[in-house]
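Going by UniProt numbering, the residue at position 170 of the sequence shown is 170; the numbering climbs one at a time, nothing skipped. Ideal Cβ placement from N, Cα and C applies to all residues, glycine included. Given the structure is predicted, the values throughout are model-derived calculations rather than measurements. Take a look at the structure below.
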Amino acid sequence: MTQQPTFDEIRRAPKVLLHDHLDGGLRPQTIIDLARESGYDRLPATEAGALGDWFREAADSGSLERYLETFAHTVGVMQTREALVRVAAECAQDLADDGVVYAEVRYAPELHTSGGLSLDQVVQAVLDGFREGSDGRGIRVNSLLTAMRHQARSMEIAELAVRYRDVGVAGFDIAGAEAGYPPTRHLDAFEYLQRENSHFTIHAGEGFGLPSIWQAIQWCGADRLGHGVRIIDDIQVASDGTAKLGRLAAYVRDKRIPLEMCPTSNLQTGAASSLADHPIGLLRRLYFRVTVNTDNRLMSGTSVSKEFAGLVDAFGYGWDDLQWFTVNAMKSAFLPFDERLAIINGVIKPGFAQLKWQA
Ligand SMILES: O=c1[nH]cnc2c1ncn2[C@@H]1O[C@H](CO)[C@@H](O)[C@H]1O
Ligand SMILES: [Zn+2]
1 MTQQPTFDEI RRAPKVLLHD HLDGGLRPQT IIDLARESGY DRLPATEAGA LGDWFREAAD
61 SGSLERYLET FAHTVGVMQT REALVRVAAE CAQDLADDGV VYAEVRYAPE LHTSGGLSLD
121 QVVQAVLDGF REGSDGRGIR VNSLLTAMRH QARSMEIAEL AVRYRDVGVA GFDIAGAEAG
181 YPPTRHLDAF EYLQRENSHF TIHAGEGFGL PSIWQAIQWC GADRLGHGVR IIDDIQVASD
241 GTAKLGRLAA YVRDKRIPLE MCPTSNLQTG AASSLADHPI GLLRRLYFRV TVNTDNRLMS
301 GTSVSKEFAG LVDAFGYGWD DLQWFTVNAM KSAFLPFDER LAIINGVIKP GFAQLKWQA
C-alpha cells in the first residue's frame, strides 16, 4: 500500500488524457511509410529508430518556436484521407495500449488541406480513424479542433467545431507560437463559441507569461488552460513553504480552472528547467486543478504512463496522487456531466481501487 507505483502498474491504471496533439504523436515507422507513399522527400532520417531520435533531439531545443519546426515533417505526410485515418486509428490504439480510457486529441484542420482535402473532409477522416482505432479497446477518443494563433482562420475552425460537436468533436483550442500572438487576436471566435454554449481551451502560459493567461481567461473565457505553467509567476513562496497567491493565481484556483500540464514538453521548450523543479509540484500541493498530459508523444518520447512515472520519481507521488490527477482530468473533460461521472465512478475509481489493493 505504501509502495511507489511501478511503471507496469501505472500502465494498467485507467487514465485520462486532455492535451495530446495528433500531429505530435505519430509512430516513426508510419511517418516513413506515409512519406514513401506520398513522395515526401524531406525526412531527416529514413529508419524508424533514427527518425524517432531525430524528433526528440530536434524538439529538445529550449525554445517553443524551434520545437514547433519539427511538425513540418508530421504535417507534411498527413495530407490525404488515408493518411489521416491511419494516424488517428494508430493514435487511439497507442493510447489504449497505454491504459488511457478517455482522451481528447487535438489537431489543426487548416494544416491538412494542402493535398486538396476540405476542412470537413479532414475532420471526418480523423473521426473515422478514432472510431476505427478505439473499437473494442476500452477507450473513447474525442477530437478538439485547433486554430493556429498566427493565422486568421479561427472563426472558420470554431464554426467547424460547433458543426461536429454531437459526433465526436468535444471542443476548440488555439496553438502555435505564443509570444507576439495573444489570444485576444481571436476574440471573435471565442465570443462565438460562448454564444453557442461550446467549450474551448487555450494554450497559454507556456512560451509567454501571466498576460497571456490573464487574456485567455478574462478576455477570451477559456474553460481550461493548455500548460498554464507560468501561473507560478503569480505565487510567492516564503522560506517556510507558505504560499501567497496573487489575484490571477487565486482566481484560477478558486474557479477550479483546469491546468493541462505537460511536464516533459515543458523541459524541451524551456518552460521548466527540470522535473523536480517543475511548477506542477507546487501547484499540486496548493490544490490547483492540475491534470497530467503528454502534449506530443513523438517529440517527447512519452506517454501518460511515462509522465506519471516521472512524477512518481521526482515528487514521490503515490496512488492517491495519481488518482487525484486522473479524476481532475475526467472532471475537466469536455463531456456532459453524467458521462464524466459514469467514467469516474464506473471505471477510474474501481480501476485504481484494484491496483491499490494489489500493491
Ligand atoms: O506545446 C505546444 N505549444 C503550442 N503549440 C503547439 C504545441 N504542440 C504542438 N503545437 C502546435 O499545434 C499544432 C496542431 O496540433 C501543431 O502543428 C503545432 O504547430
Ligand atoms: Zn500543446
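Legend entry - Cβ distance (whole Å) where residue 162 is taken to contact residue 198 below 8 Å: Counting from one through the sequence shown, the residue named residue 162 turns up at place 162. Counting from one through the sequence shown, the residue named residue 198 turns up at place 198. 6 Å between Cβ atoms; contact.
Legend entry - Top-ranked residue by Cα proximity to residue 228, from 236, 20, 217, 237: Here residue 228 corresponds to residue number 228 of the sequence shown, with the count starting at 1. The candidate whose alpha carbon is nearest that of residue 228 is 217.
Inset, instruction - Pick helix, strand or coil for residue 366, following the three-state DSSP scheme. - result: Not covered by the structure: residue 366. The range shown for the chain is 1 to 359.
Inset, instruction - Tell me where the alpha helix (DSSP H) around residue 311 begins and ends. - result: Taking the first residue of the sequence shown as position 1, residue 311 is located at position 311. Looking at the DSSP string, the run of the alpha helix (DSSP H) that includes residue 311 is 304 to 315.
Legend entry - Alpha carbon of residue 388 to alpha carbon of residue 67, nearest angstrom: In the structure displayed, the chain extends from 1 to 359; residue 388 sits before or after that span and is not available.
Inset, instruction - Check whether the Cβ atoms of residue 89 and residue 133 sit closer than 7 Å, and answer yes or no. - result: Mapped onto the sequence shown, residue 89 falls at position 89. Mapped onto the sequence shown, residue 133 falls at position 133. Yes, the Cβ-Cβ distance between residue 89 and residue 133 is below 7 Å.
Inset, instruction - Give the DSSP bridge partners of residue 142, in chain order. - result: Locating residue 142 in the sequence shown gives position 142, where the first residue counts as 1. DSSP, once it has assigned bridges, lists 104 as partnering residue 142.
Inset, instruction - Flag residue 295 as yes when its Cβ comes closer than 6 Å to any non-hydrogen atom of ligand 1, and as no otherwise. - result: Position 295 of the sequence shown holds residue 295. At least one heavy atom of ligand 1 is nearer than 6 Å to the Cβ of residue 295, so yes.
Legend entry - Delimiting residues of the beta strand (DSSP E) encompassing residue 78: Here the question's residue 78 lines up with position 78 in the sequence shown. Where residue 78 is concerned, there is no enclosing beta strand (DSSP E), given that its DSSP letter is neither H nor E.
Legend entry - Buried versus exposed call for residue 296 [16 or more other C-beta atoms within 10 Å across all chains shown]: Counted from its first residue, the sequence shown places residue 296 at position 296. So residue 296 counts as buried.
Inset, instruction - Just mark residue 316 as buried or exposed, buried being the case when its beta carbon has 16 or more other beta carbons within 10 Å. - result: Residue 316 sits at position 316 when you count from the first residue of the sequence shown. That one is exposed.
Inset, instruction - Please find out if some non-hydrogen atom of ligand 1 comes closer than 6 Å to the beta-carbon of residue 278. - result: For the purposes of this step, residue 278 is taken as the residue at position 278 of the sequence shown. False, no ligand heavy atom lies under 6 Å from that Cβ.
Inset, instruction - Using only alpha-carbon positions, find the residue among 135, 192, 147, 170 that is nearest to residue 97. - result: As a position in the sequence shown, residue 97 is number 97, starting the count at 1. Closest option to residue 97, Cα to Cα, is 135.
Legend entry - Cβ-Cβ distance between residue 85 and residue 129 below 7 Å: Translated into the one-based positions of the sequence shown, residue 85 becomes position 85. Translated into the one-based positions of the sequence shown, residue 129 becomes position 129. Against a cut-off of 7 Å, the Cβ pair of residue 129 and residue 85 comes out as a contact.
Legend entry - residue 1 versus residue 299: straight-line alpha-carbon distance, rounded: Here residue 1 refers to the residue found at position 1 when the sequence shown is read from its first residue. Here residue 299 refers to the residue found at position 299 when the sequence shown is read from its first residue. Its pLDDT being 47, under 50, residue 1 is placed unreliably by the model, and the measurement read from it follows with that caveat. Across the structure, residue 1 and residue 299 are spaced so that their CA atoms are roughly 34 Å apart.
Inset, instruction - May I have the straight-line CA-CA distance separating residue 75 from residue 332, to the nearest angstrom? - result: Here residue 75 refers to the residue found at position 75 when the sequence shown is read from its first residue. Here residue 332 refers to the residue found at position 332 when the sequence shown is read from its first residue. Using only the alpha carbons, I get a separation of about 28 Å.
Legend entry - Exposure of residue 303, with buried meaning 16 or more beta-carbon neighbours within 10 Å: Within the sequence shown, numbered from 1, the residue matching residue 303 stands at position 303. Classification of residue 303: buried, given that the 10 Å Cβ count is 16 or more.
Inset, instruction - Determine, using beta-carbon pairs with one atom in the stretch 275 to 295 and one in the stretch 256 to 264, whether at least three such pairs fall under 8 Å. - result: yes
Legend entry - Residue of 152, 354, 174 minimising C-alpha distance to residue 223: Here residue 223 is taken as the residue at index 223 of the sequence shown, counted from 1. Nearest C-alpha to residue 223: 174.
Legend entry - Contact under 7 Å by Cβ, residue 329 with residue 18: Numbered from its first residue, the sequence shown carries residue 329 at position 329. Numbered from its first residue, the sequence shown carries residue 18 at position 18. Contact: yes.
Legend entry - Residue interval of the beta strand (DSSP E) (run including residue 260): By 1-based counting over the sequence shown, the position of residue 260 is 260. First-last of the beta strand (DSSP E) with residue 260: 259 to 261.
Inset, instruction - Report the residue ranges of all alpha helix (DSSP H) runs contained in full by the stretch 86 to 135; include only those spanning at least 4 residues, in chain order. - result: 119 to 134
Legend entry - Check: residue 24 C-beta below 6 Å from any heavy atom of ligand 1: For the purposes of this step, residue 24 is taken as the residue at position 24 of the sequence shown. Yes, the Cβ of residue 24 comes within 6 Å of a heavy atom of ligand 1.
Inset, instruction - Go through the stretch 324 to 355 residue by residue and report every complete run of the beta strand (DSSP E) that reaches 3 residues or more, in order. - result: none
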